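Notes follow the structure.
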Amino acid sequence: MSVFANYAEIYDTLNAGKDYAKEAEFVAQLLREIAPGARTLVNFGCGTGQHDLMLAKSGFETLGVELSPHMLAQAQARGMAADIPEGHAHFTQGDFRNFDAGRSFDAVVSLFHVMSYQTNEADVAAAFATLSAHMSNGSVALFDLWHGPAVEHELPETRVRRAENDSFKIVRIAEPQHDSSAHVVTVKFTFFVEDKKTGAISSFEELHPMRYFFPAEIQSHIEAAGLKLKETGEWLTRNSPSRDTWSVYYLVEKTGH
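Note that our numbering has the sequence shown beginning at 18, numbered continuously upward.
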């Protein structure tokens with residue numbers, strides 16, 4: 018099996034230290050403060066489905082939307098094996114910029130900086146339009162992104178990360194390139210993956226352009242989408258964003274006004 022086919026497993030291994038349960042609890046708390054009766058939820062850019070399943074355990078009926086077929090397959094397999102009520106977690110393939118579920122949801126989320134993968138104005142506007150199209154009056158949405166003041170204060174550096182699971186040893190080199198005029202950091206990831214069983218080493222590269230945003234431009238997109246900002250803060254702490262806060266969330270509501 019190719020490394021690319023195993024990418025979802027590699028992704029999960031590299032993010033094994035991420036506390037999905039804590040993050041899902043944080044998300045559920047924020048959503049229910051604005052919409053206490055929220056039950057249905059759609060997650061754009063669900064990855065391998067870990068947030069979705071945690072949110073399903075907390076009572077939401079979730080639909081995860083993922084562009085990558087390999088990530089989607091992992092999410093679907095994880096959903097089949099999860100100890101959650103039947104029908105509480107579904108996954109489908111789709112693009113954040115043009116997906117249409119044909120219905121609205123009580124809550125809409127897009128986590129782990131998926132919004133920052135929208136690197137030009139047309140894509141950002143399309144993503145906000147998708148959020149709004151899946152909300153009805155009283156619906157709430159939550160998304161997080163790279164916070165511009167922090168990125169420009171402390172530019173990303175080359176980093177090396179090592180991880181392993183029962184099947185692979187993984188080394189990932191992240192080399193960032195900053196385009197200050199476009200507010201985009203393009204990270205070149207180089208992966209070296211050793212198969213523990215055979216000793217074979219494979220390598221591949223990926224480019225991840227990530228856009229960082231400033232509060233005023235996000236406020237403009239929120240208003241253009243017919244939404245209202247309820248709260249913004251540092252991810253997981255709710256502290257006011259600062260030059261040291263790379264990850265910032267925005268909590269918005271659709272009011273019909």
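For each residue, glycine too, the CB sits at the ideal point set by N, CA and C.
The model shown is predicted, which means the values in this text are computed figures rather than measured ones.
Can you name, in chain order, every residue of its own chain whose Cβ lies under 6 Å from the Cβ of residue i, other than the five neighbours on each side?
i, result
"Tyr-229", "Trp-163, Gly-165, Val-168 and His-200"
"Leu-84", "Asp-112"
"Ile-190", "Val-177 and Thr-207"
"Thr-136", "Val-201, Pro-226 and Arg-228"
"Ser-19", "With a pLDDT of only 44 at Ser-19, under the threshold of 50, the placement of this residue in the model should not be trusted, and no figure is reported."
Distance, Cα to Cα, residue i vs residue j?
i, j, result
"Asp-123", "Ala-33", "30 Å"
"Pro-86", "Leu-253", "29 Å"
"Gln-91", "Leu-268", "28 Å"
"Ser-153", "Gln-46", "20 Å"
"Ser-264", "Phe-160", "10 Å"
"Lys-39", "His-68", "10 Å"
"Ser-75", "Phe-221", "38 Å"
"Ala-25", "Glu-211", "16 Å"
"Ala-242", "Ala-150", "9 Å"
"Gln-194", "Glu-174", "9 Å"
"Ala-158", "Lys-35", "22 Å"
Thinking residue i and residue j are a contact (beta carbons under 8 Å), I'd like their distance in whole angstroms, please.
i, j, result
"Val-131", "Phe-113", "6 Å"
"Pro-232", "Thr-249", "7 Å"
"Ala-118", "Val-59", "6 Å"
"Gly-64", "Phe-129", "7 Å"
"Arg-49", "Ala-41", "So it is not a contact: roughly 12 Å between Cβ atoms."
"Lys-247", "Ile-51", "6 Å"
Only counting the same chain, and skipping five residues up and downstream in sequence, which positions put a Cβ closer than 7 Å to that of residue i?
i, result
"Gly-96", "Gly-66, Leu-70, Ala-106 and Phe-108"
For residue i, count neighbouring C-beta atoms within 10 Å of its own C-beta (all shown protein chains included) and say buried if the count is 16 or more, exposed if not.
i, result
"Leu-172", "exposed"
"Leu-224", "exposed"
"Lys-271", "buried"
"Thr-6", "A question about residue 6 goes unanswered here, because the residues of the chain that appear run from 18 up to 274."
Keeping to the same chain, check which residues put their C-beta closer than 8 Å to that of residue i; ignore five residues upstream and five downstream.
i, result
"Phe-116", "Phe-61, Val-82 and Thr-147"
"Pro-258", "His-164, Pro-166, Ala-167, Pro-232, Thr-249, Gly-250, Glu-251 and Val-265"
Using 8 Å as the threshold, is the stretch 137-147 in touch with the stretch 237-247, meaning 3 or more CB pairs across them?
yes
At a cut of 8 Å, does the stretch 177-191 reach the stretch 24-42 through at least three beta carbon pairs?
yes
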